[in-house]
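Keeping their order, the protein sequence lines are chains A and B. Just so we're aligned: the first sequence equals residues 6 to 234 in the numbering used here. Just so we're aligned: the second sequence equals residues 6 to 234 in the numbering used here. Report on the following structure.
2 protein chains.
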Amino acid sequence: MSTRAEENYIKAIFKLSEIAKPKHDGESATVPTNAIAQEMHTSAASVTDMIQRLSDKKLVDYEKYRGVSLTDKGRVLAVHLLRRHRLWEVFLVEKLGFAWNEVHDLAEELEHVESTDLTDRLDAFLGSPKFDPHGDPIPNAEGKFTLRHQVPLTDLLPETPAIVVGVREHSSPFLTHLDEIGVAIHKEISVRERFSYDDSMRVDIEGELRTISGKVARNILVKPKPLVK
Amino acid sequence: MSTRAEENYIKAIFKLSEIAKPKHDGESATVPTNAIAQEMHTSAASVTDMIQRLSDKKLVDYEKYRGVSLTDKGRVLAVHLLRRHRLWEVFLVEKLGFAWNEVHDLAEELEHVESTDLTDRLDAFLGSPKFDPHGDPIPNAEGKFTLRHQVPLTDLLPETPAIVVGVREHSSPFLTHLDEIGVAIHKEISVRERFSYDDSMRVDIEGELRTISGKVARNILVKPKPLVK
DNA sequence: GTATATTTTTAGGTCAGACTAAAAGATATA
DNA sequence: TATATCTTTTAGTCTGACCTAAAAATATAC
C-alpha cells in the first residue's frame, strides 16, 4: 500500500503538525516544506517531490507554496505507525531487556511491518500498555490516546511531590544523562529550590538531592501527586 | 550494508544451492540464473543484473553463462537471515499464538531488521530454540545447525514408531491439510500398511488411523523412536 | 558436426526516491 | 511600492531494481 519512504514522510508531517497545532479539533495543522526537509535531513526539492506523490495518494492535502496537511487517511496511517512503534518499544524494553535509549532505531524498523493481526497480538501479549518506555501514550486499535495530567518539571510548584511520567526529548544522550542523575519513569520527584538566574533547580529524586539545568528540567514531564487528606 | 532486494536474492541462491548440493563440505553449489528467476518470480534479465551487483559486493562468485555460487561472506549473510527468520517464527507461534501456516510472510519482513543485539536477545528470550515451528533447525550465533536423524515418512519401515519432526513443504495449504489430518510436530506416528500402487499409506497418528497420499507422506519428516530394550 | 532450441546476457527503458542548480513565488524591509 | 531575502518549485541527473526485446553463448538433437 504505502512504501517505507512514504510512511516516514507521513510520520514527520504528523509530528510537525502536532507541534504546530493550535489545539484545534481533529484537524491537522499545515506544515511548511522546509520544516519537513529539516526534520528528515533531506532537501526541500525532495520533499516537494514526495509531497506530490502523497497528494496523489490522498494522504495529504497540498497546495503549491502553501504547505501540506494530513488528510484523515494520512492521519490514520500516522497513528497506526505510532502505535506500532511504541508497542515495539515496550516489547524491546520489557521483554528483551533493552535500555530506553537503545530502542528507537529498532522500533523505527519494526514499525513498518504492516499487519493488523500482528499489532493486535503484540498489544495483547504486552498486556495492552497505555504508555511506552519514554512515557508517551500508545494509541489503541481505534487510534485513541490515553490522556494524562502532565507538566514540564519547570512548571511544578516547589515542595509539591510528583511522579516522573515522560520526557519531551528522546535522544540517546539526553536519556543517558537522565540515567546518570537517577531520573526514570515512575520515580518520585519534587522541587526544593529554583534559581531564576539560569532556570536551574535543586530537586529531590526519591531522597537524592540534585541540581539540574533548566534545559533538562524543561524536558522532564511530571504528574503532581494528588494530595492525601 | 545490504538492501532488502539483495538479501532476498542471497536467500534464494542459498536455498537453491542447498537443494542442488551433492552433500559436499562447506562449499556452495552453483545455481543457474533461470532457477533464481523462477524462485523469485522475476525475469532472467533482472537476475543477471542483480547478480552483477552481488558479485561487485563479493557476496557471490560469478562467471558469465556459468551460474553463481555464494562466497563465504554471502553464505554467512544467508545463514544470519535464516536464523532471524526462524527465531521470529518461533516468537510469532510461541509468544503471539499464530498458527504455523500464518507466520512465514511476517517472518520474511522481520528478518530484514539487522541487529546482532536484537537477534541474540530474541534468541535468549525464546530460550535458544534449536528448531522452528516447522521443525527446521535454527542456526546458532556462529551459524552452526543442530543436526538430527530424520527421514521422509515414505522411508519409515512399517510398524516402527516415530516422531514427526519436520516438513519439507511450507505452503499454507499443505500445513492446513496436516492440521486437518491431525499431523503436528512432536506427534507420534507409525506406518501400518503401504500401497505401492500409488504410494499412499495407512498410518497411525497417536491412535487415529488415517490414509495419506504419497505426496503428503514424502513431505513429512520423522525421526524413528529408539527401541527400548 | 551442423542446425535447432534453450539459456543467459546486453541494450535500452521505466519508476521511485534521492540529489544540485536555477527559476519562480511569497514575504519582509526600506 | 520597489527591492532584497527567503521559501518553494522546476528542471535535469543519478542509482537501484525492475521490465521487454534482441543478441550472444551454450546445450541438444539429428
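Quick reminder that beta carbons are idealized off the backbone N, C-alpha and C, glycines included. Note that the structure is predicted; figures quoted are calculated from it, not measured.
**OP:** State whether the region 171-184 of chain B contacts the region 138-146 of chain B, with contact taken as three or more CB pairs (one from each stretch) at a distance under 8 Å.
**Re:** yes
Subject >> Backbone secondary structure at B:R207 - three-state DSSP >> reply: On the second sequence, residue 207 of chain B is found 202 positions in, with the first residue counted as 1. Looking at B:R207 - three-state DSSP - the assignment turns out to be strand.
Subject >> Spatial neighbours of A:H90 in its chain, beta-carbon cut-off 6 Å, leaving aside the 5 residues before and after >> reply: Here residue 90 of chain A corresponds to residue number 85 of the first sequence, with the count starting at 1. Taken in chain order, the residues that qualify are A112, E116.
Original post:
Does any residue of chain B bring its CB to less than 8 Å from the CB of A:L1?
Top reply: Here chain A covers residues 6 to 234 and nothing more, so residue 1 of chain A does not appear.
Original post:
Taking the alpha-carbon positions, what's the A:A235 to A:W105 distance?
Top reply: For residue 235 of chain A there is no data in the structure shown, the boundaries of chain A being 6 and 234.
Original post:
Per DSSP, A:Y67 forms a beta bridge with which residues?
Top reply: In the first sequence, residue 67 of chain A corresponds to position 62, counting from 1. DSSP lists A:V73 as partners of A:Y67.
Original post:
By the criterion of Cβ-Cβ separation under 7 Å, what are the contact partners of A:K100 in chain B?
Top reply: Against the first sequence, residue 100 of chain A aligns to sequence position 95. Simply F130.
Original post:
For the region 25-61 of chain B, which segments carrying the beta strand (DSSP E) assignment without a break, of at least 3 residues, lie completely within its bounds, in sequence order?
Top reply: none
**OP:** Report back the beta-carbon spacing between B:A40 and B:L21 to the nearest angstrom; my notes put them in contact at under 8 Å.
**Re:** Within the second sequence, numbered from 1, the residue matching residue 40 of chain B stands at position 35. Within the second sequence, numbered from 1, the residue matching residue 21 of chain B stands at position 16. About 5 Å separates the two Cβ atoms, so the contact holds.
**OP:** Enumerate in chain order the residues of its own chain whose CB-to-CB distance from A:S74 is below 6 Å, with the five nearest sequence positions on each side excluded.
**Re:** In the first sequence, counting from the first residue as 1, residue 74 of chain A sits at position 69. Counting only Cβ-Cβ distances below 6 Å, and skipping sequence neighbours, we find S33, T35, D66.
Original post:
Going along chain A in order, which residues have a C-beta closer than 8 Å to the C-beta of B:S177?
Top reply: By 1-based counting over the second sequence, the position of residue 177 of chain B is 172. Ordered by position in chain A, no residue passes the 8 Å Cβ test against B:S177, which lies about 14 Å from the chain.
Subject >> Assigned secondary structure, B:F200 (DSSP; H/G/I helix, E/B strand, else coil) >> reply: The residue you call residue 200 of chain B lines up with position 195 of the second sequence. It is a strand residue.
Subject >> Cβ neighbour criterion (16 or more within 10 Å) applied to A:Y14 >> reply: Locating residue 14 of chain A in the first sequence gives position 9, where the first residue counts as 1. It counts as buried.
**OP:** Report the neighbours of A:V188 on chain B: residues whose CB is nearer than 9 Å to its CB, in chain order.
**Re:** Indexing the first sequence from 1 puts residue 188 of chain A at position 183. Within 9 Å Cβ-Cβ: nothing; A:V188 doesn't reach chain B, min ~25 Å.
Original post:
Using the beta-carbon of each residue, which ones in chain A are nearer than 9 Å to B:V95?
Top reply: Walking along the second sequence from the start, residue 95 of chain B turns up at place 90. Chain A residues near B:V95: none, gap ~14 Å exceeds 9 Å.
Subject >> Length-filtered (4 minimum) alpha helix (DSSP H) runs lying within the region 138-218 of chain B >> reply: 177-186
Subject >> Counted within 10 angstroms of its Cβ, other Cβ atoms place B:D122 as buried (16 or more) or exposed >> reply: In the second sequence, counting from the first residue as 1, residue 122 of chain B sits at position 117. That one is exposed.
**OP:** Name, going along the chain, the residues of the region 67-88 of chain A whose beta-carbon falls closer than 9 Å to a beta-carbon of chain B.
**Re:** none
**OP:** Return yes when at least one heavy atom of the ligand SAH lies under 7 Å from the C-beta of A:D54, else no.
**Re:** Looking at this structure, you won't find the ligand SAH or any other ligand, since it has none at all.
**OP:** With 8 Å as the threshold, decide whether the Cβ of B:E114 is near any Cβ in chain A.
**Re:** As a first step, residue 114 of chain B must be located in the second sequence, where it is residue number 109. Yes - at least one Cβ of chain A is within 8 Å of the one on B:E114.
Subject >> Beta-carbon separation (whole angstroms), A:L210 vs A:L158, contact threshold 8 Å >> reply: For the purposes of this step, residue 210 of chain A is identified with residue 205 of the first sequence, where counting begins at 1. For the purposes of this step, residue 158 of chain A is identified with residue 153 of the first sequence, where counting begins at 1. Per the sequence shown, residue 210 of chain A should be read as Ile rather than Leu. So it is not a contact: roughly 11 Å between Cβ atoms.
Subject >> Cβ-Cβ separation, A:E164 to A:G187 (assumed contact under 8 Å), whole Å >> reply: Within the first sequence, numbered from 1, the residue matching residue 187 of chain A stands at position 182. Within the first sequence, numbered from 1, the residue matching residue 164 of chain A stands at position 159. Actually they are not in contact, since the Cβ atoms of A:G187 and A:E164 sit about 19 Å apart, beyond 8 Å.
**OP:** Name, in chain order, the residues that DSSP records as bridge partners for A:P3.
**Re:** Because chain A is modelled from 6 through 234, residue 3 of chain A falls outside the range shown and cannot be assessed.
**OP:** Select from A:V81, A:T76, A:E114 the residue whose C-alpha is nearest the C-alpha of A:E94.
**Re:** Indexing the first sequence from 1 puts residue 94 of chain A at position 89. Out of A:V81, A:T76, A:E114, A:E114 has the C-alpha closest to the C-alpha of A:E94.
Original post:
Going along the chain, which residues of its own chain have a beta-carbon closer than 7 Å to the beta-carbon of B:D203, five neighbours each way excluded?
Top reply: Looking up residue 203 of chain B in the second sequence gives position 198. G219.
**OP:** Please report how far the alpha carbon of A:M45 lies from the alpha carbon of A:G132, in whole angstroms.
**Re:** Locating residue 45 of chain A in the first sequence gives position 40, where the first residue counts as 1. Locating residue 132 of chain A in the first sequence gives position 127, where the first residue counts as 1. Near 33 Å, if we compare the C-alpha coordinates of A:G132 and A:M45.
Subject >> Any C-beta of chain A under 8 Å from that of B:R126 >> reply: Counting from one through the second sequence, the residue named residue 126 of chain B turns up at place 121. Interface residue, yes.
Original post:
Do you know whose CA, among A:T53, A:L86, A:E68, lies nearest A:T124's CA?
Top reply: Indexing the first sequence from 1 puts residue 124 of chain A at position 119. It is A:L86 whose Cα lies nearest to the Cα of A:T124.
**OP:** Report back the beta-carbon spacing between A:M206 and A:I194 to the nearest angstrom; my notes put them in contact at under 8 Å.
**Re:** Mapped onto the first sequence, residue 206 of chain A falls at position 201. Mapped onto the first sequence, residue 194 of chain A falls at position 189. The pair is not a contact, with the Cβ atoms about 11 Å apart (cut-off 8 Å).
**OP:** Report the neighbours of B:V118 on chain A: residues whose CB is nearer than 8 Å to its CB, in chain order.
**Re:** Residue numbering aside, residue 118 of chain B sits at position 113 when the second sequence is read from its first letter. Within chain A, the residues near B:V118 are L111, E114, L115.
**OP:** May I ask you to report which of helix, strand or coil DSSP gives A:F19?
**Re:** Position 14 of the first sequence, counting from 1, holds the residue named residue 19 of chain A. A:F19: helix per DSSP, three-state reduction.
Original post:
Straight-line CA distance for A:V52 to A:D61?
Top reply: What you label residue 52 of chain A is simply residue 47 of the first sequence in a count that begins at 1. What you label residue 61 of chain A is simply residue 56 of the first sequence in a count that begins at 1. Whole-angstrom Cα-Cα distance: 14 Å.
Original post:
Can you tell me whether DSSP reads A:F96 as helix, strand or coil?
Top reply: Counted from its first residue, the first sequence places residue 96 of chain A at position 91. A:F96: helix per DSSP, three-state reduction.
Original post:
For a contact meaning CB atoms closer than 9 Å, what does B:L92 contact in chain A?
Top reply: By one-based count along the second sequence, residue 92 of chain B stands at place 87. Result: empty, since nearest Cβ-Cβ is about 12 Å, beyond 9 Å.
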